[in-house]
Amino acid sequence: MISCPVCDVAVAIPSQSRLSEILECADCRSELEILSLDPVTLALAPEVEEDWGE
Amino acid sequence: MNQGDTAQIAVLACAVRADERRLLDALDRRKVSYACLDTRQLSFAPGSPPAAFPWQLVMNREIGQVRAAYAARSLQAAGVTVMNDAACIEVCGDKWRTSLALAAAGLPAPRTALGLTPQAGLDALDQIGYPALIKPLTGSWGRLIAELRDRQLASELFEYVAALPGPQSHLVYVQELIVKPGRDIRAIVVGGDLIGATYRIAADLKTNVARGATSKPCPPTPELAKLAIEAAAAVGADIAAVDLVEDRSGNLLVLEVNHRVEFSGFQHAMGDRVDVAGRIADLLIGRASQCQN
């Protein structure tokens, strides 16, 4: 089990997760990015930038 | 088409969010070989494709407008086909350029003006009338859109605009406020076909799903389909989300055209009626075949 880098609570990693996939910590609601898959490592996802969107 | 035939496909994205996940899953279901590339790790040199960039067709799902546009320009200069292409990204990413494209195609849109200074924008509003909107030239999800109820409010707000840093900030894009019937319409066009439409419902002026609006299916009329398809064509989009609004008379006007389609709310509302990711994947695979020929 991998821990949330923000709140340290265990984060469930869905099967067939993808590199750079964005997950939400169920406990602290932080957006997390999958940095690697084997082993799984997580980091706080980048903040929304001014030009993000459609 | 077997895996080897489509190995030239790459998907550009700095993050795999719900929509990207659906697209990648759709490609997987079609047993297509592709690469998913993190735009944050790309660099380009003029003149030739990067040695490590063997792909011929790129789906651009980069969420940042600037990165998306520069990546597309760089790849196209190197002979790579990009969907949507750089010209489309640049037009859709600039509200004024979108307005020009829609007007050139003769499509209905709210009355709009670009003031090259805040004062010129204020003068333009005397022609458009109040209430009106000021919108940033670039930006998404309804950010920094403000309602201008009267000239005094506009004048005061434009003082702040004049104090913003950067010359582009001083270009003032103003638009007639169309009083929405509590909703607007999102129509998704893929490869020149309307694949569906939804109402986006919100009590607020801003009906972006990213801001909490809810979606429900909108039966597409022939008029809606024609307008959405023509709007996508006007900006050169292979894949587009066309946002439309109904005016008081029920006539449809084009608000904007989005090149990097977000479709979670749309897909949720439409359920099994349409598979947005699947339609986009099919278009991509078909285009990959053309790239090979």
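These protein sequences, in sequence, are chains U and E.
Heads up: the first sequence runs through residues 31 to 84, numbered per this note's numbering.
Heads up: the second sequence runs through residues 4 to 296, numbered per this note's numbering.
Built from N, CA and C at the ideal position, the CB exists for glycine as well.
Excluding five sequence neighbours on each side, which residues of the same chain lie with their C-beta closer than 8 Å to the C-beta of C34(U)?
A40, V41, C55, D57, C58, S60, L62 and L72
From this set, P139(E), L258(E), R76(E) and F266(E), which residue's C-alpha is nearest L180(E)'s C-alpha?
Checking every option, the nearest Cα to that of L180(E) belongs to L258(E).
Starting from S143(E), find everything on chain C with Cβ-Cβ shorter than 7 Å and list it in chain order.
Judged by its chain identifiers, the structure shown contains no chain C, and its protein chains are U and E.
Which chain E residues are close to E63(U), counting only those with a beta carbon under 7 Å from its beta carbon?
Near E63(U) (Cβ distances below 7 Å), the residues of chain E are A18.
Could you say if the stretch 89-108 of chain E and the stretch 146-157 of chain E meet the contact criterion of at least three C-beta pairs nearer than 8 Å?
no
Name the chain E residues whose beta carbon is nearer than 9 Å to that of L49(U)?
V19, C39 and D41
Just tell me which of V238(E), E226(E), T224(E) and Y176(E) has its CA closest to the CA of G118(E).
Y176(E)
If you measure from the beta carbon of Q178(E) to each beta carbon in chain U, is any gap under 8 Å?
The beta carbon of Q178(E) sits no closer than 8 Å to any beta carbon of chain U.
Assess contact between the stretch 30-39 of chain E and the stretch 273-288 of chain E, defined as three or more Cβ pairs (one per stretch) separated by less than 8 Å. Is contact present?
yes
So, for A75(U): in the same chain, excluding its five sequence neighbours on each side, which residues have a beta-carbon less than 7 Å away from its beta-carbon?
I52, E61, L62 and E63
Is the beta carbon of D241(E) less than 8 Å from the beta carbon of L286(E)?
yes
Quick check on E265(E): buried or exposed, where buried means 16 or more other Cβ atoms within 10 Å of its Cβ?
buried
For the beta strand (DSSP E) that T201(E) lies in, which residues bound it at each end?
D196 to I204
Looking at the structure shown, is A90(E) part of a helix, part of a strand, or coil, going by DSSP?
helix
Within 10 Å of its beta-carbon, does Q6(E) have 16 or more other beta-carbons around it, so buried, or fewer, so exposed?
Here the model assigns Q6(E) a pLDDT of 42, short of 50, so the residue's position is not dependable, and the following value carries that caveat. Exposed, by the Cβ-count rule.
Is the separation between the beta-carbon of P168(E) and that of A190(E) shorter than 8 Å?
Cβ distance not < 8 Å, so P168(E) and A190(E) don't count as in contact.
I'd like the list of long-range same chain contacts for L227(E), defined as Cβ closer than 8 Å, with 5 residues on each side in sequence excluded.
I188, A190, L197, A200, C221, L247 and L255
Sort K209(E), F269(E), L15(E) and P139(E) by Cα distance to V341(E) and report the nearest one.
Any answer about residue 341(E) is impossible in this case: the structure gives chain E only from 4 up to 296.
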